[in-house]
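Peer 1:
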Amino acid sequence: MDIVGSVWHAASFVLGYLLPFLFVLTLVVFVHELGHFLVGRWCGVDVKTFSIGFGRELFGFNDRHGTRWRFALIPLGGYVKFSGDADATSSTTSDTLVGMSREERERSFPAQSVAERAAIVAAGPIANFLLAILIFGGTAYFMGKPTLTPRVDSVTVGGAAARAGLQSGDLVRQVDGREIKSFSDLQRAISVRPGETFPVTVDRGGTSVVLSVTPDLVETSSPVGKQRLGIIGVQASGKPEDWTTQHFNLGQSVLLGMSETWFVVERTYDYIAKLIRGKESTDQLSGPIRIAQVSGIVASSGGLLGLINLAAILSVSIGLMNLFPVPMLDGGHLLFYAIEALRGKPLSERAQEIGFRVGLGLVLMLMLFVTWNDLVHVRSLL
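Offset between the sequence shown (1-based) and the working numbering: plus 51.
1) Taking the CB atoms as reference points, tell me whether residue 280 and residue 235 lie closer together than 9 Å.
2) Let me know the secondary structure DSSP gives residue 300 once reduced to three states.
3) What does the alpha-carbon distance come out to for the pair residue 62 and residue 119?
4) Can you tell me where the alpha helix (DSSP H) with residue 133 in it begins and where it stops?
5) Three Cβ pairs or more, each shorter than 8 Å: is that satisfied between the segment 109-125 and the segment 187-203?
6) Would you mind stating whether residue 436 and residue 285 have Cβ atoms separated by less than 9 Å?
7) What's the call for residue 297, buried or exposed, on a 16-neighbour Cβ count within 10 Å?
8) What are the boundary residues of the alpha helix (DSSP H) that residue 225 is part of?
9) What's the gap between the Cα of residue 77 and the Cα of residue 175?
10) Whole alpha helix (DSSP H) runs in the segment 168-234 with 4 or more residues, listed along the chain?
11) Could you pull out every residue in the same chain whose Cβ sits closer than 8 Å to the Cβ of residue 314, ignoring the five residues on either side in sequence?
12) Grab me the residues of residue 254's own chain with a C-beta within less than 6 Å of its C-beta, minus the 5 sequence neighbours each way, in chain order.
13) Can you list, in chain order, the residues of its chain with a C-beta nearer than 6 Å to that of residue 371? Leave out the 5 residues immediately preceding and following it.
14) For residue 51, which residues in the same chain have their Cβ closer than 7 Å to its Cβ, ignoring the five residues on either side in sequence?
15) Give the DSSP-derived three-state secondary structure of residue 157 in the structure shown.
16) On the CB-based measure, 16 or more other CB atoms within 10 Å of its CB, does residue 394 come out buried or exposed?
17) Between which two residues does the alpha helix (DSSP H) harbouring residue 84 extend?
18) Does the Cβ of residue 194 have 16 or more other Cβ atoms within 10 Å, making it buried, or fewer, making it exposed?
19) How many angstroms separate the CA atom of residue 131 from the CA atom of residue 327?
20) What residue range is occupied by the uninterrupted beta strand (DSSP E) comprising residue 109?
21) When the Cα atoms are used, what is the spatial distance from residue 227 to residue 295?
22) Looking at residue 199: is its Cβ nearer than 9 Å to the Cβ of residue 288?
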């Protein structure tokens, strides 16, 4: 019985957490590396390896251009290795070009112009943003968007809305000049501004009324950690007549996808800014363990569509993280290329080596920190 129970728990873990996690992460990593790969090929650079995961190869194949496509043992990332790269981080040294013929040198990564190398490196994060736009926009185009009218059904006694004078039946039109089209728009506009005072325009029986609202700060627990949000204490109507499904043409869907992607970018930078100022907790910084947990929760509640939308959010996050100007990340490479463009020559190999070592140290420290965060979070749930 114990053996059967252990097998059942193991199977539940694989199906409930591991597979959804691998689906989301593999999709995001594949698209990121595909961006590097396609622009590299377009620039005429030979690609030696396209790897999903790190470590020992599990299986793979060679394409007609000589690129080795491989799936590796540790599925926590991936890389594209171009001709002339010293390692998977696309660092280069003079030794990498030794023994190459003239034609091979011309098709190597270091031989390309600064602009071409920058384009190849930037293509990874850009591909992540394009994936998010495609998912958000595609979902809207094919399935529409269920929309709840931003009508107030009830107001919490003593809450921020009650203090400001909001009443049952009010239809929220604007928050600080921003048009509100749905109740989710209202929640988004309020949640990111706790403690701030701003005007809210409502339609009250055909009359436009402007109220001054200051959201209360609350701390809530979620699968990604504690979140500090602004609330005003109102409930939506939820009546059938207040629910509609918006449908979008192709152009509108693309714009919606861009808007949703920008919202994730905006929220991420807002969180980082507040974290630096000490107004946010590091509790929300997550690693693979918590991403796997969230993937399992989303898969069980939202199915494949929920997982795909989670992939869009994670894709934006990975794209942004890779743009940070930290050596070893794409942003670090772009920083080196910007310096090279300004100086007219690249930094010395010694300077680049030191930079990559510092970058590696920072990345490792971040990985250790988020893993510790994950373990503390999981322990709190036990």
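Ideal placement from N, C-alpha and C gives every residue a C-beta, glycine not left out. The structure displayed is predicted, hence computed values, not measured ones.
Peer 2: Per the coordinate set shown:
1) no
2) coil
3) The predicted model places residue 62 with a pLDDT of 46, which falls under 50 and marks its position as unreliable, so this point remains unresolved.
4) Note, residue 133: premise wrong, no alpha helix (DSSP H); beta strand (DSSP E) at 119-133.
5) no
6) Limits of the chain in this structure are 52 at one end and 433 at the other, which puts residue 436 out of reach.
7) exposed
8) Not the alpha helix (DSSP H): residue 225 falls in the beta strand (DSSP E), residues 222-226.
9) 14 Å
10) 211-215
11) 239
12) 222, 224
13) 319
14) An answer regarding residue 51 cannot be provided, because it is not within the stretch 52 to 433 covered by the chain.
15) helix
16) exposed
17) 70-93
18) exposed
19) 33 Å
20) 98-113
21) 25 Å
22) yes
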